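K.L.:
FYI, in mature numbering (1 follows the signal peptide of the UniProt record, and there is no 0) the residues of the sequence shown are -27 to -1, 1 to 307.
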Amino acid sequence: MMSSEHLACGWLQKLLVVLVKLCFAFAGPLRPLNGTGCAARGPASYILVFTGHWSPQAFPKQYPLFRPPAQWSKLIAVSHNQHFRLWEEGSSASSGVQSFAEVGVTVELMKAAKEARKKRTVGAMHRTAGIPNGIGHSSMEMLMVPRNPLLSLMVKIIPSPDWFVGLDSLNLCDGNRWKEEVTVDLQPYDAGTDSGFTFSSPNFPTSPPENITKITSQMPNHPANSFFYPRLKELPPIASIKITRQRRSPDRQASISNHILPNSISPQRFSATPLDCEVSLWSSWGLCLGPCSRGGVRHRTRYILLRPANAGSPCPELEEQAECVPHSCMKKRQ
């Protein structure tokens, strides 16, 4: 039998090994304890600038000039962790996303975020003022914390059936550091709840609702679509987001400011998008005018659906004539 001294010595050796392993573990890199993947030691202050690039040069097709003219809704932004989703491409729109994407109402969207904040999956919620033109800026200051390093936002395209631009779960934390600057070009999305093809389409609910999808230059593949530019491989950015980290002095308190930047700041310029002329189908041939046997002609017409812009293909002939055929002749009354 082993003496009590030998047993105690053995336990002490095992305990020593465990303590050494723990020391090496804590001496290693800092690991996040919040499940977000962010190991930053403190919060970070950012300035977010939203810029609209929606111009008649970049998007000439059916560009809204009045009732209402092209503009942007207020921006809705939420900081959160991986257990919350404001919206997601390929998934169905929540009632809050539907309400915001269709008519710009934020009540349900903000209510869902407030409920998530009680579970600590959402940090802060921010809003900026809308922009009354297709080209313009809005900005806000936001404070990000390691527990909620992801940023999601939405801005409605006005007018539109249910189209918006936005960010889905952009991570502003890189390991144990906050990112210094992030710029993202934005493309339009369809919420899948309204079946309109054009900016000014009347409300026509999609039944059953479809998933949120990105709108491209060729999807939806229909000539009536306001973003249908078959000559382009991809649409130019209709908007962009720039997020810049701010260095805060210790005595400065956190504040949130929503404001529109001065008009002197020019938006990014993009090359003009060519818009080809679109015409209707030919009408039926008219009756023969003149002698039926020889020299008589008949006519058919078509009209312009969409005039060309930015060096797009010009319109073809709108009237065509051909020689008469016997069955199209008008017989003289005796």
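From the three backbone atoms N, C-alpha and C, an ideal C-beta is built for every residue, glycine too.
Being a predicted model, the structure only gives us computed values, none of them experimental.
For residue 298, which three-state DSSP category applies?
P.N.:
Within the sequence shown, residue 298 is the residue found at index 325, counting from 1. Of the three classes helix, strand and coil, the one that applies to residue 298 here is coil, per DSSP.
K.L.:
Mind checking whether residue 170 and residue 74 have CB atoms under 9 Å apart?
P.N.:
Within the sequence shown, the letter at position 197 stands for residue 170. Within the sequence shown, the letter at position 101 stands for residue 74. Cβ distance not < 9 Å, so residue 170 and residue 74 don't count as in contact.
K.L.:
Please state whether DSSP places residue 30 in a helix, a strand or coil.
P.N.:
Here residue 30 refers to the residue found at position 57 when the sequence shown is read from its first residue. DSSP places residue 30 in coil when its eight states are reduced to three.
K.L.:
Under a Cβ-count criterion, where at least 16 other Cβ atoms within 10 Å of its own Cβ denotes burial, should residue 276 be classed as buried or exposed?
P.N.:
As a position in the sequence shown, residue 276 is number 303, starting the count at 1. By the neighbour-count rule (16 or more Cβ atoms within 10 Å), residue 276 is not buried but exposed.
K.L.:
To the nearest angstrom, how far is it from the Cα of residue 53 to the Cα of residue 283?
P.N.:
As a position in the sequence shown, residue 53 is number 80, starting the count at 1. As a position in the sequence shown, residue 283 is number 310, starting the count at 1. Using only the alpha carbons, I get a separation of about 43 Å.
K.L.:
How would you call residue 14, buried or exposed, if buried means at least 16 neighbouring beta carbons within 10 angstroms?
P.N.:
For the purposes of this step, residue 14 is taken as residue 41 along the sequence shown, with counting starting at 1. Its Cβ having fewer than 16 others within 10 Å, residue 14 is exposed.
K.L.:
Determine whether the beta carbon atoms of residue 309 and residue 215 lie at a separation below 9 Å.
P.N.:
Outside the shown range of the chain (-27 to 307) lies residue 309, about which nothing can therefore be said.
K.L.:
Secondary structure at residue 71, three-state DSSP: helix, strand or coil?
P.N.:
Here residue 71 corresponds to residue number 98 of the sequence shown, with the count starting at 1. Note: residue 71 maps to helix in three-state DSSP.
K.L.:
Would residue 125 pass as a contact of residue 145 if the rule is Cβ separation under 9 Å?
P.N.:
As a working mapping, residue 125 is identified with position 152 in the sequence shown. As a working mapping, residue 145 is identified with position 172 in the sequence shown. Cβ atoms of residue 125 and residue 145: not closer than 9 Å.
K.L.:
Between residue 198 and the rest of its own chain, which residues show a CB-CB distance below 7 Å, the 5 nearest in sequence each way excluded?
P.N.:
Locating residue 198 in the sequence shown gives position 225, counting from the first residue. If we look at residue 198 and ignore the five residues flanking it on each side, its Cβ neighbours are 170.
K.L.:
Identify the continuous beta strand (DSSP E) that holds residue 50 and give its terminal residues.
P.N.:
As a working mapping, residue 50 is identified with position 77 in the sequence shown. It spans 49 to 53 - the beta strand (DSSP E) in which residue 50 sits, taken as one unbroken run.
K.L.:
Relative to the C-alpha of residue 113, which candidate in 31, 218, 67 and 256 has its C-alpha closest?
P.N.:
What you label residue 113 is simply residue 140 of the sequence shown in a count that begins at 1. Considering only alpha carbons, the answer is 218.
K.L.:
Quick one: using the 10 Å Cβ neighbour count with 16 as the cut-off for buried, is residue 192 buried or exposed?
P.N.:
Against the sequence shown, residue 192 aligns to sequence position 219. Residue 192 comes out exposed.
K.L.:
Whole angstroms is fine: what's the gap from residue 151's alpha carbon to residue 165's?
P.N.:
Counting from one through the sequence shown, the residue named residue 151 turns up at place 178. Counting from one through the sequence shown, the residue named residue 165 turns up at place 192. Cα-Cα distance, rounded: 35 Å.
K.L.:
For residue 44, tell me which candidate among 132, 167, 257 and 291 has the shortest Cα-Cα distance.
P.N.:
Within the sequence shown, numbered from 1, the residue matching residue 44 stands at position 71. When each option's Cα is compared against that of residue 44, the closest is 132.
K.L.:
Buried or exposed for residue 94, going by 16 or more other Cβ atoms inside 10 Å?
P.N.:
For the purposes of this step, residue 94 is taken as the residue at position 121 of the sequence shown. Classification of residue 94: buried, given that the 10 Å Cβ count is 16 or more.
K.L.:
Rounded to a whole number of angstroms, what is the C-alpha to C-alpha distance between residue 97 and residue 67?
P.N.:
Start at 1 with the first residue of the sequence shown, and residue 97 comes out as number 124. Start at 1 with the first residue of the sequence shown, and residue 67 comes out as number 94. About 20 Å.
K.L.:
What do you get for residue 278, buried or exposed, if any count of 16 or more other CB atoms within 10 angstroms of its CB means buried?
P.N.:
In the sequence shown, counting from the first residue as 1, residue 278 sits at position 305. Per the 10 Å Cβ criterion, exposed.
K.L.:
Given this structure, state the Cα-to-Cα distance separating residue 20 from residue 100, to the nearest angstrom.
P.N.:
Along the sequence shown, read from residue 1 onward, the residue named residue 20 stands at position 47. Along the sequence shown, read from residue 1 onward, the residue named residue 100 stands at position 127. Straight-line Cα distance between these residues: approximately 13 Å.
K.L.:
When you compare each of 175, 107, 128 and 206 to residue 78 by their alpha carbons, which one comes out closest?
P.N.:
For the purposes of this step, residue 78 is identified with residue 105 of the sequence shown, where counting begins at 1. Answer by Cα proximity: 128.
K.L.:
Between the Cα of residue 11 and the Cα atoms of 71, 148 and 130, which residue gives the shortest distance?
P.N.:
Counting from 1 along the sequence shown, the entry for residue 11 is found at position 38. For residue 11, the nearest C-alpha among the options comes from 148.
K.L.:
What first and last residue would you give for the beta strand (DSSP E) that runs through residue 90?
P.N.:
On the sequence shown, residue 90 is found 117 positions in, with the first residue counted as 1. First-last for residue 90: 80 to 91, but that is the alpha helix (DSSP H), not the beta strand (DSSP E).
K.L.:
Hey, could you find the ends of the beta strand (DSSP E) residue 155 is sitting in?
P.N.:
Within the sequence shown, the letter at position 182 stands for residue 155. Start and end: 154 to 159.
K.L.:
Quick one: Cα of residue 273 to Cα of residue 290, how far?
P.N.:
Translated into the one-based positions of the sequence shown, residue 273 becomes position 300. Translated into the one-based positions of the sequence shown, residue 290 becomes position 317. Using only the alpha carbons, I get a separation of about 11 Å.
K.L.:
According to DSSP, what are the bridge partners of residue 186?
P.N.:
Here residue 186 refers to the residue found at position 213 when the sequence shown is read from its first residue. DSSP lists 163 as partners of residue 186.
K.L.:
Less than 7 Å between C-beta atoms, sequence neighbours within five positions excluded: which residues of the same chain meet that for residue 167?
P.N.:
Your numbering for residue 167 matches position 194 in the sequence shown. The residues are 75, 134, 135, 176, 177, 178 and 179.
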